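Enquirer: Going by this note's numbering, the first residue of the sequence shown is number 10, and it counts up by one from there.
If you scroll down you'll find the structure; I have some questions about it.
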Amino acid sequence: MPDVLPVLTQLLEAFTAQRKLRALDPLERKIELAMQRAFRKQGAAFIAALNRRAGILSGRLQEAPGDLPPPNWEAIFDSVAASESLFAAGTAQALEDSLLVGAGHTMADFSVTGSFDLTNRRAAVFLDTHGAEAVTRINAETKRGLRTIISTGLSEGQSYDQIARSIRERYAGFSTPQPQQHIRSRAHLVAVTETGNAYEVGNRAVADDLVAAGLVMQKSWLDVGDSRVSADCLANAAAGWIPLEDMFPGGVAQPLQHPGCRCTMLLRRQPASVRVAA
Ligand SMILES: [Zn+2]
């Protein structure tokens, strides 16, 4: 008789990975649309704020290429970023929903009944702090891209209008779909990353609750099994079952390993220790 256990394990893993992606899909879409709107708004506000100072900027640019005079564009960007929030209320709700989906799946796996308690410490800390941290990270990334555009423009002696056009195109590109890729655009990348992280926090939060209830838990890393899985994620998966408190080889306690990561965490009770033969 063929060994059915590996086949069953594979089926279960495929189910677990698919279940996550399917459940997060509508939440991802919600955040993606919100991010498209937010990037559009931020881009328009940034260009408008730059335009208000275009006379000063372009005059000084010609005098001192390679160096923007105060008030510099970074200060202008920061004030625009502070006044235009990237994450609307809908995004915060989608994050909470993603966390609840992750928690719900893990509760079902361990036959835990009732609804997940959002006062769970790990969940509460995540929901309190993560949104602001994510926005800071996203704005820093945008600023890095703008810095390249502006410094290249200046060193090539481009006019203010040319640089402004490049900035406008960069912002438009954040929402432009790239077909054939699992990440369609920057707005989509944010959506995949944020919902995925929230889901895994929910997953992990239930594991914490099980530990608190006296269980000894182990975790393993499950990738989606296609050719686009990163080397770090493959190494995490290759580590097999490890104690819940340990780090995966990639240096993270749980997925995601990186933005756009589609991996998930598997959990189980630590099996009874194998008896050592005398
Ligand atoms: Zn991954």
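For every residue, glycine included, the Cβ atom is placed at its ideal position computed from N, Cα and C.
Fair warning: this is a prediction, and the values are worked out from it, not measured in the lab.
Kindly indicate the opening and closing residues of the beta strand (DSSP E) around glutamine 227.
Expert: The sequence position of residue 227 within the sequence shown is 218, counting from 1. Run containing glutamine 227: 226-231, per the beta strand (DSSP E) assignment.
Enquirer: Cβ atoms of leucine 136 and leucine 104: under 8 Å apart, would you say?
Expert: Taking the first residue of the sequence shown as position 1, residue 104 is located at position 95. Taking the first residue of the sequence shown as position 1, residue 136 is located at position 127. Their beta carbons are under 8 Å apart, which means leucine 104 touches leucine 136 by this criterion.
Enquirer: What does a CB cutoff of less than 7 Å around lysine 39 pick up in its chain, not counting 5 residues either side in sequence?
Expert: Counted from its first residue, the sequence shown places residue 39 at position 30. So the qualifying residues of the chain are Gly99 and Ala103.
Enquirer: In chain order, what residues of the same chain have a beta carbon less than 6 Å from the beta carbon of alanine 32, not counting five sequence neighbours either side?
Expert: Here residue 32 is taken as the residue at index 23 of the sequence shown, counted from 1. Closer than 6 Å at the Cβ level, and outside the excluded window around alanine 32, lie Val110.
Enquirer: Under the criterion of a Cβ to heavy atom distance below 7 Å, does glutamine 266 qualify as lining ligand 1?
Expert: In the sequence shown, counting from the first residue as 1, residue 266 sits at position 257. Under cutoff, so the answer is yes.
Enquirer: Taking the straight line between their C-alpha atoms, what separation do you get for proline 264 and arginine 271?
Expert: For the purposes of this step, residue 264 is taken as the residue at position 255 of the sequence shown. For the purposes of this step, residue 271 is taken as the residue at position 262 of the sequence shown. Cα to Cα, proline 264 sits roughly 8 Å from arginine 271.
Enquirer: Closer than 7 Å to a non-hydrogen atom of ligand 1 - does that hold for the CB of serine 239?
Expert: Working through the sequence shown from its first residue, we reach residue 239 at position 230. Yes, ligand 1 has a heavy atom inside 7 Å of this Cβ.
Enquirer: State the start and end residues of the unbroken beta strand (DSSP E) segment that holds leucine 127.
Expert: On the sequence shown, residue 127 is found 118 positions in, with the first residue counted as 1. It is not in any beta strand (DSSP E) - leucine 127 carries neither H nor E in the DSSP assignment.
Enquirer: If we call anything under 8 Å between Cβ atoms a contact, is valine 212 one with methionine 256?
Expert: Start at 1 with the first residue of the sequence shown, and residue 212 comes out as number 203. Start at 1 with the first residue of the sequence shown, and residue 256 comes out as number 247. Reading the sequence as shown, one finds asparagine at residue 212 and not valine. No. Outside cutoff.
Enquirer: Using the Cα positions of arginine 146 and leucine 95, report the straight-line distance between them to the nearest angstrom.
Expert: Numbered from 1 along the sequence shown, position 137 holds the residue referred to as residue 146. Numbered from 1 along the sequence shown, position 86 holds the residue referred to as residue 95. Cα-Cα distance, rounded: 11 Å.
Enquirer: How would you write the range of the alpha helix (DSSP H) that leucine 198 sits in, first residue to last?
Expert: As a first step, residue 198 is located in the sequence shown; it is residue number 189 there, counting from the start. Run containing leucine 198: 195-221, per the alpha helix (DSSP H) assignment.
Enquirer: Between lysine 50 and glutamate 93, which are expected to be in contact by the criterion C-beta below 8 Å, what is the C-beta distance as a whole number of angstroms?
Expert: Locating residue 50 in the sequence shown gives position 41, where the first residue counts as 1. Locating residue 93 in the sequence shown gives position 84, where the first residue counts as 1. Yes, they are in contact, since the Cβ atoms of lysine 50 and glutamate 93 sit about 6 Å apart, within 8 Å.
Enquirer: State the start and end residues of the unbroken alpha helix (DSSP H) segment that holds arginine 49.
Expert: For the purposes of this step, residue 49 is taken as the residue at position 40 of the sequence shown. That run of the alpha helix (DSSP H) goes 14-61.
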